[in-house]
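**Q** Dropping a structure here in structure tokens format, bear with me for questions.
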Amino acid sequence: MGGRVSIIFREPLGEWGLRGDPYIWSELETHFSKMFLPCSEEHFLKEVYFAFEQFTGSKLGLKDYILTPRYDHGGMSGGMVCSTFWLKRAIPLLIKRLRQINEVS
Numbered sequence: 019m020g021g022r023v024s025i026i027f028r029e030p031l032g033e034w035g036l037r038g039d040p041y042i043w044s045e046l047e048t049h050f051s052k053m054f055l056p057c058s059e060e061h062f063l064k065e066v067y068f069a070f071e072q073f074t075g076s077k078l079g080l081k082d083y084i085l086t087p088r089y090d091h092g093g094m095s096g097g098m099v100c101s102t103f104w105l106k107r108a109i110p111l112l113i114k115r116l117r118q119i120n121e122v123s
């Protein structure tokens with residue numbers, strides 16, 4: 019067995035959709051620390067969607083802005099998570115990183 023899938027979360031993004039997005043990124047990193055490489059893209063996506071719903075209480079893509087009170091640490095968009103950011107930016111980047119790391123695992 020290789021390393022853990024969480025390695026693809028180690029380098030955070032420079033910009034986020036809303037203030038809650040870095041918190042879910044961190045929780046996803048912890049969630050994927052239990053999963054070994056290599057990991058199929060299909061399994062990864064299934065787990066991302068499952069974990070996202072567990073962490074936010076809402077299905078990814080169902081609503082664009084999701085209020086998640088436990089991520090509210092202040093600010094106008096405190097506690098808000100942006101589905102569009104995850105679907106269009108974060109997840110495609112994570113899939114790209116997963117492909118790269120799977121090639122060397």
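Add 18 to a position in the sequence shown, counting from 1, and you land on the number used in my numbering. For each residue, glycine too, the CB sits at the ideal point set by N, CA and C.
Take every Cβ of the segment 85–101, pair it with every Cβ of the segment 26–42, and state whether three or more of those distances are shorter than 8 Å.
**A** Cβ pair count under 8 Å is three or more, so yes.
**Q** Cα separation between lysine 114 and leucine 31?
**A** Cα-Cα distance, rounded: 13 Å.
**Q** Could you check what DSSP says for lysine 64 in three-state terms: helix, strand or coil?
**A** Note: lysine 64 maps to helix in three-state DSSP.
**Q** Identify, in the order they occur along the chain, each residue of the same chain with its Cβ nearer than 6 Å to the Cβ of cysteine 57, setting aside the five sequence neighbours on each side.
**A** Answer for cysteine 57: Val23, listed in chain order.
**Q** Work out the CA separation of glutamate 71 and glutamate 47 for me, nearest whole Å.
**A** Each residue's alpha carbon lies about 15 Å from the other.
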